[in-house]
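A.B. asks:
2 protein chains.
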Amino acid sequence: MSDNLSQLKTRMALISRLGQTSALLDWDQQTYMPKGAAESRSEHSAAMRQVTHEMFTAQETGNLLANSENDLKGQDPDADDVRMLAVLRHDFDRETKLPAELVSEIARHTSLSQEIWIKARKTNDFAYFAPALDKMIDLSLRQAEYLGYEDHVYDALLDAYEIGAKQRDVAVMFADMKPYLVELTRAIADSSNPVDDSPIRGNFPVDQQKQLTLQIVSAIGYDTDRGRQDEAAHPFCTNFSRDDVRITTRYNPEFLNQAVYASMHEAGHAMYEQGSPPEYEATFLSGGVSLGVHESQSRLWENQVGRSRSFSKFVLPKLKSAFPASLAEVDPEAYYRAVNKVTPSLIRVEADEVTYNLHILMRFELECDLLTKTLAVKDLPEAWNAKMTEYLGIRPETDADGVLQDIHWSCGLVAYFPTYSIGNLLSAQLWNAASKSILDIDEKIERGEFAPLLNWLRENVHKYGRKYLPGELIKKATGEPLSSKYYMEYLNKKYSDIYSL
Amino acid sequence: MSDNLSQLKTRMALISRLGQTSALLDWDQQTYMPKGAAESRSEHSAAMRQVTHEMFTAQETGNLLANSENDLKGQDPDADDVRMLAVLRHDFDRETKLPAELVSEIARHTSLSQEIWIKARKTNDFAYFAPALDKMIDLSLRQAEYLGYEDHVYDALLDAYEIGAKQRDVAVMFADMKPYLVELTRAIADSSNPVDDSPIRGNFPVDQQKQLTLQIVSAIGYDTDRGRQDEAAHPFCTNFSRDDVRITTRYNPEFLNQAVYASMHEAGHAMYEQGSPPEYEATFLSGGVSLGVHESQSRLWENQVGRSRSFSKFVLPKLKSAFPASLAEVDPEAYYRAVNKVTPSLIRVEADEVTYNLHILMRFELECDLLTKTLAVKDLPEAWNAKMTEYLGIRPETDADGVLQDIHWSCGLVAYFPTYSIGNLLSAQLWNAASKSILDIDEKIERGEFAPLLNWLRENVHKYGRKYLPGELIKKATGEPLSSKYYMEYLNKKYSDIYSL
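Protein sequence lines, in the order shown, are assigned to chains C and E. Positions in the first sequence are counted from 1; adding 5 to them yields this note's numbering. Positions in the second sequence are counted from 1; adding 5 to them yields this note's numbering.
1. Alpha helix (DSSP H) containing E:Gln119: first to last residue?
2. Based on the DSSP output, what are the partners of C:Asp235 in its beta bridges?
3. What's the C-alpha gap between C:Arg99 and C:Leu93?
4. Per the contact definition of three or more C-beta pairs closer than 8 Å, is the stretch 454-474 of chain E in contact with the stretch 201-209 of chain E?
5. Could you have a look at E:Phe134 and say whether DSSP puts it in helix, strand or coil?
6. Evaluate contact between the stretch 245-252 of chain E and the stretch 294-308 of chain E, counting only Cβ atoms and requiring at least three cross-stretch pairs below 8 Å.
7. Figure out for me which residue from E:Glu120, E:Pro136, E:Ala456 has the closest Cα to the Cα of E:Ser223.
8. Less than 8 Å between CB atoms is the rule here; does C:Val56 satisfy it with respect to chain E?
9. Determine the extent of the alpha helix (DSSP H) in which E:Asn208 is found, giving its start and end residues.
10. Please list, in chain order, the residues of the stretch 224-235 of chain C that have any C-beta partner in chain E closer than 9 Å.
11. Along the chain, where does the alpha helix (DSSP H) that runs through C:Thr36 open and close?
12. Taking the DSSP output, what are the residues bridged to C:Cys373?
13. Per the contact definition of three or more C-beta pairs closer than 8 Å, is the stretch 432-448 of chain C in contact with the stretch 489-501 of chain C?
14. Name, please, each residue of chain C whose Cβ falls closer than 7 Å to the Cβ of E:Lys40.
15. Which residues, in chain order, does the stretch 239-251 of chain E contribute to contact with chain C at a C-beta distance below 9 Å?
16. For C:Ser331, decide whether its Cβ has a neighbour in chain E, counting only Cβ atoms nearer than 8 Å.
17. Drop a sphere of 10 angstroms on the beta-carbon of C:Pro475, count the other beta-carbons inside from all chains shown, and report buried for 16 or more, exposed for fewer.
18. Counting only beta-carbon atoms, is C:Gln25 nearer than 8 Å to chain E?
19. Residues of chain C with a CB under 8 Å from the CB of E:His274: which are they?
20. Could you tell me the distance, in whole angstroms, from the CA atom of C:Leu69 to the CA atom of C:Tyr285?
21. To the nearest angstrom, how far is the alpha carbon of C:Lys481 from that of C:Leu487?
22. Sorted by chain position, which residues of the same chain lie with C-beta nearer than 8 Å to E:Leu107's C-beta, five sequence neighbours on each side aside?
23. Just the C-alpha distance for C:Ala43 and C:Asp81, rounded to the nearest angstrom, thanks.
24. DSSP on C:Phe455, reduced to helix/strand/coil?
25. Quick one: what's got a C-beta closer than 7 Å to C:Gln220's C-beta in the same chain, skipping five residues either side?
26. Contact defined as beta carbons within less than 8 Å: I believe C:Ser268 pairs with C:Thr218. What is the distance between those atoms, to the nearest angstrom?
27. Less than 8 Å between CB atoms is the rule here; does C:Asp31 satisfy it with respect to chain E?
28. First and last residue of the beta strand (DSSP E) that includes E:Thr243?
29. Identify every residue that forms a DSSP beta bridge with E:Phe260.
30. Please list the partners that E:Leu435 has in chain C, where partner means a Cβ-to-Cβ separation under 7 Å.
31. C:Met53 versus chain E: which residues are under 8 Å apart at the beta carbon?
32. Is E:Ser45 close to chain C, meaning its C-beta is less than 8 Å from at least one C-beta of that chain?
33. Return yes when the Cβ of E:Tyr341 is within less than 8 Å of the Cβ of E:Ala272, no when it is not.
34. Could you tell me how far apart the beta carbons of C:Leu363 and C:Leu371 are, in whole angstroms, since I believe they sit closer than 8 Å?
35. For E:His58, which of helix, strand or coil comes out of DSSP?
36. Give me the residue from C:Lys40, C:Gly41, C:Gln12 with the minimum Cα distance to C:Glu65.
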């Protein structure tokens, strides 16, 4: 290995470890941190962000990177080291464009505005949150100007989550799906064979749910020796190495759906990180390549697996043994129908597979309007409610159930939402490819044999870490570029059957 | 404020926040970290240590410090800023006097010798640990030479934990106490009125202990909005700011003593940190001034308060309502006697108030002998056992229960033990001063009125942070230098009564 490359790797390892330490600050903030600690925590995050940013963007990093690129000229373009330099070049260029003051201002504001958002949602007080959001939009725009973009200001921000993706492509993706989704939602509402979800409503004590969800995520392949599950208001997955990948969930004692599928969703994310190659650890090649690809993993386990007929047959006996009283009379078909009920609803994270992408679509449109200043923050609640009415036919009665429901904007995650829809589409596309490759996949799932599917994902997605761009990876794994075709086919087949359309 | 001072403060704030972030890594490791994460966690800690050390010892820190000292020449020597510079000068000189090679050799050897110690204790094999301890003593001596000292090599090391303290003073402190403690221990063993601790042995489910201990520490003044209590194998207190001070405890389902007094002990530490002035936050003046003064806070709440007759009357109804079956027949006097049982025992961390300081005394004597080469490491077990026999009248059957019981020496914590005794002495001295100032303190405690005592500690100890040297602080708070007199009086009065001596 060249001396430059070796020094660069040492430096990157140090920076990776600092980044993972910052992630622990966030995990703690959302799980166990006492409420009085919010202000000091924002200082910790800002300090870590500042130090990491300074070290990453230092002249020395740039020199080592340039020298390493020079040393590796002419080598196999597919070699890990060459790819690592390409990934690093992308991240380095992105981060060196931002002045340190802006970076730490964003970090500090992010931590504070999160706390403001929590309070605002609790008290249903959008006006209390508005100035923080206004500042966040402003900080995002300032960030985008430093980063630069060709077509749309949105591109500069989206690239952080979905490298190489463009606002225009997202707009096309939604244009493909929107009429179909609105139409399907209406057809389901008019169905003569409606779904009854009372089987999964009842009395489900939280302590048993904790045990049960851990049992389920362990069964599908989440390694609890290298992770743990805790409770959080907004379920998430985070990791501090491939050997410490944590998930969170939330429990509704009267509705089984929530924790079971939130846990499976986060476990899908977690298994991606746990499957990152050990030799990529603390290099810039480790972990997930993009949020869209990440979301494809979580959605695949949550939906294509978790909300299938075969999984219903597998999981129901476990659910019955945890909650014998509530589930005694339920059969697998009734459970399957119940967990696939489609209803236009106010809350994105509780939305079914059909309406979910409409929630994302409206967020995408609103973000574009906020960033192009065609919509003012103060008018956001009304714009939100108007779109809810247009796309889903329902209107939130409170902002807490409307524009204040998501944590994202308070965390500075602007232009992040489309990655959820990319993930949904890709989950169906990957499932289609995996099903062709794995013999009798449904029967295997029914028997609780999840390893073949996990191994297929390990081999076709996880093992590459960040080595390939999302578009390259998708083509490698499925033989074609990302397409909305498989997701629409999947919805069509599944819901025509359930709702007798 | 001078420009130098202002820049220095910004730099120190950043370094403080990094240090607090490292503390979160440790807290997590000892509470919630999954077992597979140990290796990656050591990388996080090493990365944080490296970055923090480099930033603290950088030329720029030294320049800003020297310039600030120059700028502040002639100012009130009691001003916060002047005192802050003195504290910083002490820490900076200490950290920069050691050559980088020695620092990294100590770090390497520390992590190695800890692993060796764990194995040696498990297999009861002192010979396996001896070479590592030998090297640790040698490294400590080399460190002391670089740090410098006037009278005794011990002083250079002790200064890291108890700034300004001298071996000679510690020797005098123990010389005062030793004959008295040995005699008192013997008299208690021969007492015709022995203590029965069966009232606090029984069946105490852990879930109720969790609720109960939290209720107790809240009652005495620990602010759970700015802290939390978790479970850990070895109870500790840590903080990531004055607004996030966390404690841990451990539960023995058959012995109530353990969790109740571990929680009160750690809450004593925690209230000291929570009482650090907000304006000192993230400066080098925040937090506790020394380990001895810190220990005085934990011991005062654990012993002078927690193991008093008046507290027994206050707390017993709460204990009874948590454990009605086990405690139905117990009255406050029986409880009071049970939690004050004195028995010579092999293990320091389980020792009672009377014998505890004898455990420390022998460690101090042995450390002095090792550092002055009057005792060879190979002869340490025999020396240990001889002192146990002489001071406590019992002899360990294994080195695991003897010389190998403490982690300290394997971690390079040489000259650390005396701070425990300083804390014990000071707890009685502070209690004496507080009792004179607070009217009817015992009656107040019996009624659950802890605020007057906490306020007295806030006013006389906590509010100064690290502003004064421990010796100065003790004189300010109690009117005289540290003395063993109050501790001996306290033991004498209490145990003459309990054991009818």
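For each residue, glycine too, the CB sits at the ideal point set by N, CA and C.
C.D. replies: Taking the geometry as given:
1. 105-128
2. Answer is C:Thr253, bridged to C:Asp235.
3. 10 Å
4. no
5. helix
6. no
7. E:Ala456
8. Under the 8 Å criterion on CB atoms, C:Val56 is classed as interfacial with respect to chain E.
9. Where E:Asn208 is concerned, there is no enclosing alpha helix (DSSP H), given that its DSSP letter is neither H nor E.
10. Asp228, Thr229, Asp230, Arg231, Gly232, Arg233, Asp235
11. 8-36
12. C:Cys373 pairs with nothing; no bridge assigned.
13. yes
14. Asp230
15. Phe245, Ser246, Arg247, Asp248, Asp249, Val250, Arg251
16. No, C:Ser331 lies away from the interface with chain E (no Cβ there is under 8 Å from its Cβ).
17. buried
18. For C:Gln25, the answer is yes, since a Cβ of chain E falls inside 8 Å of its Cβ.
19. Contact annotation for E:His274 against chain C: no contact, minimum CB-CB distance about 16 Å [criterion: below 8 Å].
20. 19 Å
21. 11 Å
22. Leu144, Arg147, Gln148, Tyr151
23. 49 Å
24. coil
25. Lys323
26. 4 Å
27. no
28. 242-244
29. DSSP lists E:Arg206 as the beta-bridge partner residues of E:Phe260.
30. Taking the beta carbon of E:Leu435 as reference, no residue of chain C falls within 7 Å; the closest one sits roughly 27 Å away.
31. Arg22, Leu23, Thr26
32. yes
33. no
34. Not quite, the Cβ-Cβ distance comes to about 13 Å (not below 8 Å), so this is no contact.
35. helix
36. Here the closest residue by C-alpha is C:Gln12.
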